[in-house]
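Engineer: If you count by the numbering used here, then the sequence shown holds residues 8 to 212, one letter each, in order. Every residue, glycine too, gets a C-beta built ideally from N, C-alpha and C.
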Amino acid sequence: MDQSLPSPGALLLQHADYGHLLPAAHGLIKEHTTQTHAHLLSTGAAMEALAKKFGGDPATWKVAGMLHDLDWDKLEKDYESHCGNTLEQMLQTIKAPAELLADIRAHYAEKYGAEYPLDSMLRKCLFCVDELTGFIVAVALVRPSKKLADVEIKSVKKKLKDKTFAAQVNRGQIGQCESLLGIPLDEFIGIALEAMKGIAQDIGL
Ligand SMILES: [Fe+2]
Numbered sequence: 008m009d010q011s012l013p014s015p016g017a018l019l020l021q022h023a024d025y026g027h028l029l030p031a032a033h034g035l036i037k038e039h040t041t042q043t044h045a046h047l048l049s050t051g052a053a054m055e056a057l058a059k060k061f062g063g064d065p066a067t068w069k070v071a072g073m074l075h076d077l078d079w080d081k082l083e084k085d086y087e088s089h090c091g092n093t094l095e096q097m098l099q100t101i102k103a104p105a106e107l108l109a110d111i112r113a114h115y116a117e118k119y120g121a122e123y124p125l126d127s128m129l130r131k132c133l134f135c136v137d138e139l140t141g142f143i144v145a146v147a148l149v150r151p152s153k154k155l156a157d158v159e160i161k162s163v164k165k166k167l168k169d170k171t172f173a174a175q176v177n178r179g180q181i182g183q184c185e186s187l188l189g190i191p192l193d194e195f196i197g198i199a200l201e202a203m204k205g206i207a208q209d210i211g212l
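Right, dumping it as structure tokens:
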């Protein structure tokens, strides 16, 4: 890690600022995603709501959420290449600042954690909410109506306890909201769920 970087505490106070890229982010999603489209819009909406909760810039946080898996469709689930050169090239087309790529890489903590640690609230939120938005979609899809409107916090919590349901979802990552963000799981689920309900029509749920 670059020793010239400020301490983690100082970084926590730093405000990422690339909200002006919001229209461009919509353009990139349209151009590069099909399968991942709903996940990116969901995560963007959830991040926007989390910014309001934690005092970040809503447009900036939304952009990070919207673009965090931008390369996923193109890579065809090549997890090793995720957040690598392909993503970097895509972001260059909209002249994104290095900070956006860094914030996105931070969410792939397993690979990039040493280089891009979870040292800002934006990064911590993106890391925790990434698995949650996907999980909430899975919960909606097993409701008789298949609608987000029929999903409640308690139904999400119940499904989280059922380890056979959406087994690929990392429950631990979601649960870290309590230690990393300092908010109870119920509140974290509630924020993401409400945000997703707000864009339900856009994602067909
Ligand atoms: Fe994701």
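When the distance is taken between beta carbons, is residue 82 closer than 8 Å to residue 93?
Structural biologist: Closer than 8 Å, so yes.
Engineer: Whose C-beta lies closer than 8 Å to the C-beta of residue 201 among residues of the same chain, with five residues either side of it excluded?
Structural biologist: 56
Engineer: In chain order, which alpha helix (DSSP H) runs of at least 4 residues are fully inside the stretch 83 to 144?
Structural biologist: 92 to 99, 105 to 114, 116 to 119
Engineer: Quick one: Cα of residue 15 to Cα of residue 51, how far?
Structural biologist: At residue 15, the pLDDT of 46 sits below 50, so the modelled position is not reliable; the number obtained from the coordinates is stated separately. Their backbone Cα atoms lie some 25 Å apart in a straight line.
Engineer: To the nearest angstrom, how far is it from the Cα of residue 203 to the Cα of residue 53?
Structural biologist: 7 Å
Engineer: Can you give the Cα-Cα distance for residue 77 and residue 34, rounded to whole angstroms?
Structural biologist: Taking the straight line joining both Cα atoms gives about 11 Å.
Engineer: Would you say the beta carbon of residue 126 is closer than 7 Å to some non-hydrogen atom of ligand 1?
Structural biologist: no
Engineer: When every heavy atom of ligand 1 is checked, does at least one fall within less than 7 Å of the C-beta of residue 67?
Structural biologist: Proximity of the beta carbon of residue 67 to ligand 1 is not indicated: no heavy atom of the ligand is located closer than 7 Å.
Engineer: Put residue 152 into one of helix, strand or coil per three-state DSSP.
Structural biologist: coil
Engineer: When the Cα of residue 70 is compared with those of 168, 87, 40, 31, which residue comes out closest?
Structural biologist: 31
Engineer: Who's in the neighbourhood of ligand 1, going by beta-carbon under 5 Å from any heavy atom, listed in chain order?
Structural biologist: 76, 137
Engineer: Just to confirm, are residue 147 and residue 155 a CB contact at a threshold of 8 Å?
Structural biologist: For residue 147 and residue 155, yes; Cβs fall inside 8 Å.
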